[in-house]
Structures are given as C-alpha cells and as structure tokens.
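Working notes, beginning with the structure itself.
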Amino acid sequence: MKIIRIDETTAEKVIPLIADFRVALQAYKGIRAEPDLKWAREEISEFLEKKYPVFAAEHDGEPVGYLVCRIEEPCLWVEHIYVNNQHRRQGVASLLFSKAEEIAGSMGDDTVYNFVHPNNEGMISFLRSKGYTVLNMIEIRKPYGGEKLTTTVRVNENTFDY
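Structure follows, in structure tokens:
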C-alpha cells in the first residue's frame, strides 16, 4: 500500500472515489443516489484550489481510498476519508488517517477534528479505536425539502429529529 499526495496532475485518480463517497453519505440519510463524476471533479478542483492536503492510498497502482484535510490553524479537520468497499478493514483508513495526524502533529496539535454522520457507525467505531471519544460540537439545521426524518437523537437534555 502506498500513500500519494494528490495534485492537479493526479486529481483524476480520486474522482470515482469522491463520487462513491457522496453516494455513501446520501445513503446515511436514506437517499438513493448515483455517482456523479462531474460533481466529484468540481469538488476535487475546489479542494486543490483551496490548497487542502489531499492524499490517496494506492494498491497495485490503483486508488482504493482517499483523504482530504482542511487546515484552519491551529486545527486540522478531516473533510473526507473514504475507502472503497473491497479494501475496507485492511488498514487503508488507518494509513490515511495517520497522515492527517502527522500533519496535525507538525502543526503542534495532538488531535484531528472530524465531522461524522451520526449513522456512520463504521467511522464512529474507527475513530473510537484511535482514541477519539470527545463529542465536540453538534450541527443543527432545518429539514431539507422532502426529507423524511425517521428517528430522534438525544444529547443531554435535548432531543433532535434525525
């Protein structure tokens, strides 16, 4: 397994993974979606324009996962981390995440900040295995038009539709 830095010349490699990541995120909301390569291409271009560190994990020369970091000093945020289904539970996410921790460490920080969808049990378990257990903030929004909220989540004394 090899970790490479993605730039304008290698961006095409991660476009299918970005499109698949977006499909997976929609599924957490109960929305069926198809990979949108055009949108993924625009997204990677935006990340690179903003100088976000982007990395891919390659297996036999093929990208199998990717990581996007956003630096807002003194913090490093993992914007995206995704591994394709065929290569999960093989250490790919750990290799990518260690890259984020390495960058945070070089900035003098001992943690990485992560946005995680509450239904993403795999990512939550992954982060807990790395010692990430502090709930840092809650994002609250109005429902999307046509969104069907099927459950609630309780945080302390507050109940939220979900």
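Numbering that gives the first Met the number 0 applies: residue 0 is where the sequence shown begins, and numbers increase by one. For glycine and all other residues, C-beta sits at the position ideal for the given N, C-alpha and C. Values in this document were obtained by computation on a predicted structure and should not be read as measured data.
Residue closest to residue i, alpha-carbon to alpha-carbon, out of the options
i	options	result
Val91	Phe125, Gly64, Val152 and Glu71	Gly64
Asn113	Phe159, Pro142 and Leu66	Leu66
Leu16	Ile43, Glu7 and Met0	Ile43
Arg21	Glu7, Tyr81 and Glu45	Tyr81
Ile137	Pro62, Phe159 and Phe46	Phe159
Gly104	Arg31, Gln85, Glu72 and Met0	Glu72
Thr8	Leu47, Ile30, Ala32 and Glu33	Leu47
Lys12	Met0, Trp38, Glu61 and Glu45	Glu61
C-beta contact flag for residue i and residue j at 8 Å
i	j	result
Tyr51	Arg69	yes
Leu94	Ile2	yes
Tyr161	Val152	yes
Ile5	Ala56	no
Val111	Glu120	no
Asn135	Tyr27	no
Ala18	Gln25	no
Lys141	Phe96	no
Pairwise C-alpha distance: residue j and residue i
i	j	result
Gly107	Lys147	42 Å
His58	Asn83	11 Å
Asp35	Arg88	26 Å
Thr162	Ala23	Any question about residue 162 goes unanswered here, given that the chain covers just 0 to 161.
Arg127	Val133	9 Å
Gly156	Phe125	The sequence given here has Glu at residue 156, not Gly. For Glu156 and Phe125, the distance between alpha carbons rounds to 27 Å.
Lys49	Val154	34 Å
Gly145	Gly29	12 Å
The beta strand (DSSP E) enclosing residue i, as first and last residue numbers
i	result
Gly64	Glu61 to Glu71
Phe114	That residue, Phe114, is in no beta strand (DSSP E); it is neither H nor E in DSSP.
Ala56	Val53 to His58
Tyr81	Cys74 to Val82
Lys1	Lys1 to Arg4
Proximal residues to residue i (C-beta, below 8 Å), its chain only, five neighbours per side dropped
i	result
Ile102	Pro52, Cys68, Ile70 and Leu75
Gln85	Val63
Continuous alpha helix (DSSP H) stretch holding residue i: start and end
i	result
Ile102	Val91 to Ser105
Heavy atom of the ligand HEM within 7 Å of residue i beta-carbon
i	result
Glu61	Among the components of this structure there are no ligands whatsoever, and the ligand HEM is therefore not found.
Sequence-distant residues of the same chain with beta carbon closer than 6 Å to residue i, five excluded per side
i	result
Met122	Val115
Same chain, Cβ closer than 7 Å to residue i, neighbours up to 5 away in sequence not counted
i	result
Lys98	Ile2, Phe54 and Leu66
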